[in-house]
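First the structure, in the form of structure tokens, and then the observations on it.
In the UniProt record's numbering, the protein residues as written are 1 to 302.
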């Protein structure tokens, strides 16, 4: 019933197509975008370059120098991506964090994908206070746990430099209080001062919108799928100091929090593997998912 991961299958199909096309060099596009930001002079004009083959924080470069970034790109093997670095992140006790969430995509119907979001996520926090400078300092700018664990202050403020969603609500509350006290902008959700954003009231709904939109963008590439295929995805986000949620990247083989992995795997198996054996405690939605399953159905792609 269960076949190999659908994204791996589709990647092999895509490779056949790409062999006939000359790779596109986008260095000039990056240089033009860099120059435009430089002329505006509204920020430090930092960018981040990554290898598509990188993992655990490896092969990542943050810099406000186009020359350094292009030299880094030329040193990489394989494909790469460059994106504008978010210079105004929301902070935890003065330190940068990003948000990791997990999402399951199944194809029990070859012509449709069902999308689920795990209802718990983590904030990965840096070990050093954030400054919009010193871009070579990975302990300040790269929140990946594999990088942070080498810093002497790793785990000093939070266990494994991780914050769960319950604590995240407290972070959002403190951020709102600071913004309100300074008379600053509170973000789109708080323009009328309706109180702080919350994880389940504001952040997760927006995350689900972005997840669905990214999958719709590649729908024609993903469908049809062999019946029984599935894939776990890890999405990484940053929230700006104005409360705007920004997608950083999507991971095909995401790491998981050790405190969540047991339940996550069991719940994933219930949806992806046990679909042929309906749970008597399943909800009435027809998704055959028990009420305490952490993966919540958020949409369908067809």
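No residue lacks a Cβ here, since even glycine has one placed at the ideal position from N, Cα and C.
Measuring CB atoms only, is the stretch 60-79 touching the stretch 153-163, in the sense that at least three cross pairs come out at less than 8 Å? no
Within 10 angstroms of the Cβ of residue 179, are there 16 or more other Cβ atoms? Answer buried if so, exposed if not. buried
Give me the residue from 142, 290, 209 and 202 with the minimum Cα distance to residue 298. 209
Please return the same chain residues whose Cβ sits closer than 7 Å to the Cβ of residue 46, not counting the five positions on each side in sequence. 62, 63, 64, 85, 87 and 135
Is residue 100 closer than 8 Å to residue 234 when the C-beta atoms are compared? yes
Since residue 107 contacts residue 230 with CB under 8 Å, what's their CB separation in whole angstroms? 7 Å
Residue 269 versus residue 109 - alpha carbon distance: 17 Å
What residues are listed by DSSP as bridge partners for residue 114? 106 and 300
From this set, 128, 232 and 39, which residue's C-alpha is nearest residue 114's C-alpha? 232
Cβ of residue 237 within 8 Å of Cβ of residue 98? yes
Using three-state DSSP, classify residue 233 as helix, strand or coil. strand
Among the candidates 247, 142 and 120, whose CA atom is the shortest distance from the CA of residue 262? 120
Here's the rule I'm using: 16 or more other beta-carbon atoms within 10 Å means buried, otherwise exposed. How should residue 133 be labelled? exposed
Which residue from 149, 75, 123 and 74 puts its Cα closest to that of residue 91? 123
Quick one: using the 10 Å Cβ neighbour count with 16 as the cut-off for buried, is residue 75 buried or exposed? exposed
Measure the beta-carbon distance from residue 267 to residue 293 and round it to whole angstroms, keeping in mind my assumption that it falls under 8 Å. 5 Å
Candidates 140, 26 and 203, of which the one nearest residue 173 by Cα: 203
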